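Start counting the sequence shown at 1; every next residue gets the next number (full-length UniProt numbering).
Note that the Cβ used here is the ideal one computed from N, Cα and C, for glycine as well.
In this text, all values refer to a predicted model and were calculated from it rather than measured experimentally.
In what follows, a structure is listed as structure tokens, so that the remarks can point back to it.
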Amino acid sequence: MDNKKAYRPKWDHYFMTMAMMIAQRSTCDRLLAGSVLVRDKRVIGTGYNGSPSGLDHCDDVGHLMHEGHCIRTLHSEENTVIQAAKLGIITEGSTLYTTYSPCYHCLKKMIAAGVKRIVVGQIYRDTRIFETCMKAGVQLEIHQPDTKWLDHLTELYQTAPREKLGDIKPGDAHVEDRTSSQTF
Ligand SMILES: [Zn+2]
Ligand SMILES: [Zn+2]
């Protein structure tokens, strides 16, 4: 068995990678965006660009345009705080990791929800958010990817799933060990 050493990501890389994966669930192809809301190094909400549960998705029925924007979907950032609210989780003092910088509407909601730090994958359109964040006392940062970590992930996804599929048989004791020993 290959005992390659794990590459342990720093927290910012860990959460930003989650946001990137979450973005893949988006159902409005105008922008595949993903966000993770974190408090005390724990995920308290996740979101992607998509319609509220039970409503039509842009991918299925097309966009619902209004003044140059698609309004069918909730933005990934909104969905993180809505998820936290739905589950009754405090968002005060939280950090938002998001693949694209928030639009002005979402930024207002993040400020109102008590988000104190926003880490963005890249700046998207509205640069007024810099000044607004400064006024609101919100730390806004552009994420600097760790290329070693991304290389490690690429390798992991190319090899690990196939190795595991071959290794794991239903009822194997070590299968349960793996899933129950998640550390955060
Ligand atoms: Zn759309
Ligand atoms: Zn938005």
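The C-alpha of GLY50 is placed about 25 Å away from the C-alpha of GLY93. Contiguous alpha helix (DSSP H) elements confined to the stretch 70–105 occur at 76–86, taking only those with 4 or more residues. The beta carbons of LYS109 and VAL138 sit no closer together than 8 Å. Proximity of the beta carbon of PRO102 to ligand 2 is indicated: a heavy atom of the ligand is located closer than 7 Å. A Cβ-Cβ contact shorter than 8 Å links ILE22 with GLY34. Per DSSP, the beta-bridge partners of LEU37 are GLY45, LEU96. Remark: C-beta atoms of THR99 and HIS57 do not approach each other more closely than 8 Å. By alpha-carbon distance to VAL38, the top candidate from CYS133, MET16, HIS105 is MET16. Boundaries for GLU67: no beta strand (DSSP E) harbours it, and the DSSP string shows neither H nor E there.
Put simply, the backbone Cα of GLY114 is about 16 Å away from that of LYS41. The beta-carbon distance between VAL120 and HIS143, rounded to whole angstroms, is 6 Å. This is short enough to meet the 8 Å contact definition. Restricting attention to SER76, GLY88, CYS133, LEU107, the CA atom closest to the CA of MET18 is found in SER76. For ARG30, the shortest separation between its Cβ and any heavy atom of ligand 1 lies below 7 Å.
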